[in-house]
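Below: one structure, written as structure tokens.
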Amino acid sequence: MNIALLGYGTVGKSVAELLTKQDIGITIKKILRRPGAAAGPLMTDSFDEILADPDISCIMEALPGKEPALGYIRDALRAGKHVVTSNKAALAADFPTLLSLAKEHNVSLLYEASCGGGIPWLENLKKAARLNKITALSGILNGTSNYILDKMDTEGCTFEEALKDAQALGYAEADPTADIGGFDVYNKALISCSLAYQTPICTDFPVCGIEKLTKEILNSFHAKSKSLRLMMLSVRKDNHYAVGVAPVVLPSNSIEANVHLNYNCASLTGDLVGELKFYGQGAGGYPTADAVLQDLLQIRDNTAQPVCLDQKLLYDDGLLTGTGYFADGKILSGKSLAELTALAHQSNVFMAFEPDPA
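So for the sequence shown, this note's numbering puts the first residue at 10; every next one is plus one.
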């Protein structure tokens, strides 16, 4: 099977390197790079050249950000080419339409690497949803924010010190807004919930980040044997669901509170299987490339299963309630995460959320 790589950053290079080391019947024929960087026999700066090549049956997209990646994915599907992508921003921007395009043109759209790096989270979520009614999802799905919180937890760093360290190690971008503001987790939550509930997910759900967290706030939770992790939370009851992203208050001895460094941990609860947890490297070249190669092997072997978002579930923010702890000392109980997040944004203060017991 001949493929084209779109992008040659950490993920693209790692995919190319692993395909060079392992003969699995997949060959890179073209690599799309930006104008001026397309030096080498496989490289091109023309996406149209890739689309027009009948020998290329699959596009592996690993570009940063929503555009031009989203446009490339759409065009590739319309051209009858399979697509594997690690780009959660592009997927979340138009997930139902992209799935429909793949079905319409009888090709596969796979995206395991978009959530959880090397963790087989989405594939197992899809499998669980075939037989189970998924009633809850949660997860630490951003390695950057988890690294910062863990450094503050274990070493007593300030937020600024931990962020600077994350940037030096390449875990955080020069502009870390997507990670520390919760927007990266938002994208992953939208994709995950869409698959779990098999419905197009409401795009206007609450998102609260950790950018206003201080060492003093974290210490106040430590004094109560509590910890914080930036998490996706979602619950379903009958044909209603709620979803949100927030710094979550956890018992210090919980599994999630002990997820260290840039690791991820995601959980699902099904009516038949009960609770399942998935833990591992949430980012990095090789872990993410492994997820990409697993998708490519499904396409090579023609074993990819199509996904249909054909359920009619309704968004209900009243299903996700708890206590909000605000940096100004205010504590509000029995409120929805949506209400608490709106108050935090209105007051421009940090807020941590402790969910009510299920």
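Note that beta-carbon positions come from the ideal geometry of N, C-alpha and C, so glycine has one too.
Three-way DSSP call (helix, strand, coil) for Q31 in this model: If DSSP states are grouped into helix, strand and coil, Q31 belongs with coil.
Backbone secondary structure at N11 - three-state DSSP: Of the three classes helix, strand and coil, the one that applies to N11 here is strand, per DSSP.
Sequence-distant residues of the same chain with beta carbon closer than 7 Å to S234, five excluded per side: Excluding residues within five positions, the ones whose Cβ falls inside 7 Å are P260, S261.
For G327, the first and last residue of its enclosing alpha helix (DSSP H): Where G327 is concerned, there is no enclosing alpha helix (DSSP H), given that its DSSP letter is neither H nor E.
Enclosing beta strand (DSSP E) for H91 [first to last residue]: Residues 91-94.
Distance between beta carbons of V254 and V194, contact taken as under 8 Å: Contact annotation, V194 with V254: C-beta distance approximately 5 Å; criterion of less than 8 Å satisfied.
C-alpha gap between E169 and K221, whole angstroms: Near 10 Å, if we compare the C-alpha coordinates of K221 and E169.
Sufficient close CB pairs (3 or more, under 8 Å) joining the stretch 54-66 to the stretch 21-29: Using a Cβ-Cβ distance cut-off of 8 Å, the stretch 54-66 and the stretch 21-29 are not in contact, since fewer than three pairs of beta carbons, one from each stretch, lie closer than that value.
Identity of the residues DSSP links to C166 by a beta bridge: Beta-bridge pairing links C166 to no other residue.
Nearest-angstrom Cα separation, counted from L204 out to I264: For I264 and L204, the distance between alpha carbons rounds to 24 Å.
Beta-carbon contacts of L110 that lie in its chain and below 7 Å, excluding the five residues immediately before and after: Correct list, in chain order: R83, L86, R87.
CA-to-CA distance, E58 to I12, given in whole angstroms: Rounded to the nearest whole angstrom, the C-alpha separation of I12 and E58 is 13 Å.
Identity of the residues DSSP links to M52 by a beta bridge: For M52, DSSP records a beta bridge to I40.
8 Å CB neighbourhood of K321 in its chain, flanking five on each side removed: Sequence-distant Cβ neighbours of K321 in its own chain, meaning closer than 8 Å and more than five residues away, are T208, N248.
Meets three-Cβ-pair contact criterion under 8 Å: the stretch 97-117 and the stretch 331-348: Judged by pairs of C-beta atoms under 8 Å, the stretch 97-117 does not touch the stretch 331-348, as fewer than three such pairs exist.
Simplified DSSP assignment, three categories, for E348: Assigned with DSSP and collapsed to three states, E348 falls in helix.
Spatial distance of N196 from A101 (CA atoms): When rounded, the distance between both Cα atoms is 5 Å.
Stretch pair the stretch 143-157 + the stretch 172-191: three plus CB contacts closer than 8 Å: Touching, yes, given that three or more Cβ pairs across the two stretches are closer than 8 Å.
Inter-residue CB distance, R43 and L158 (contact presumed, cutoff 8 Å): Contact between R43 and L158 fails: their C-beta atoms lie close to 34 Å from each other, not under 8 Å.
Completely contained beta strand (DSSP E) runs for the stretch 273-316, where each covers 3 or more residues: As far as the stretch 273-316 is concerned, its whole beta strand (DSSP E) runs of at least 3 residues are 283-290.
C-alpha gap between T36 and F230, whole angstroms: Each residue's Cα considered, the two are about 52 Å apart.
Close Cβ partners of S356 (< 8 Å) along its chain, the five nearest in sequence each way excluded: In the same chain as S356, and ignoring 5 residues on each side of it, the C-beta atoms closer than 8 Å to its own belong to F335, D337, in chain order.
Residue from K246, T53, K173 with nearest C-alpha to I143: Out of K246, T53, K173, the CA that lies nearest to the CA of I143 is found in K246.
C217 beta carbon less than 8 Å from that of A353: Yes, Cβ-Cβ distance for A353 and C217 is below 8 Å.
Cβ-Cβ distance between V93 and I308 below 8 Å: Yes, they are a contact pair.
Classification of H91 by the beta-carbon crowding that lies within 10 angstroms, buried from 16 upward: H91 sits buried, since 16 or more C-beta atoms from the chains shown fall within 10 Å of its C-beta.
Distance, A48 Cα to A251 Cα: Between the C-alpha atoms of A251 and A48 there is a straight-line separation of about 48 Å.
Span of the beta strand (DSSP E), counted from its first residue to its last, around K97: Taken as a continuous stretch (DSSP letters only), K97 belongs to no beta strand (DSSP E), being part of the alpha helix (DSSP H) at 97-102.
Alpha carbon of L172 to alpha carbon of A367, nearest angstrom: So the alpha carbons of these two residues sit roughly 33 Å apart.
Close Cβ partners of C274 (< 8 Å) along its chain, the five nearest in sequence each way excluded: Shown here for C274: same chain residues with a beta carbon closer than 8 Å to its own, the five before and five after excluded, namely G148, I149, I264, E265, V268, K286, F287, Y288 in chain order.
Three-state secondary structure (DSSP) of T106: Helix.
For Q176 and K339, the rounded distance between their alpha carbons: Whole-angstrom Cα-Cα distance: 32 Å.
Span of the beta strand (DSSP E), counted from its first residue to its last, around A361: Unbroken beta strand (DSSP E) run through A361: 360-364.
Under the three-state DSSP convention, the category C202 falls into: Looking at C202 - three-state DSSP - the assignment turns out to be helix.
Enclosing alpha helix (DSSP H) for A138 [first to last residue]: Start and end: 130-140.
Endpoints, the alpha helix (DSSP H) within which L86 is located: L86 -> alpha helix (DSSP H) spans 78-87.
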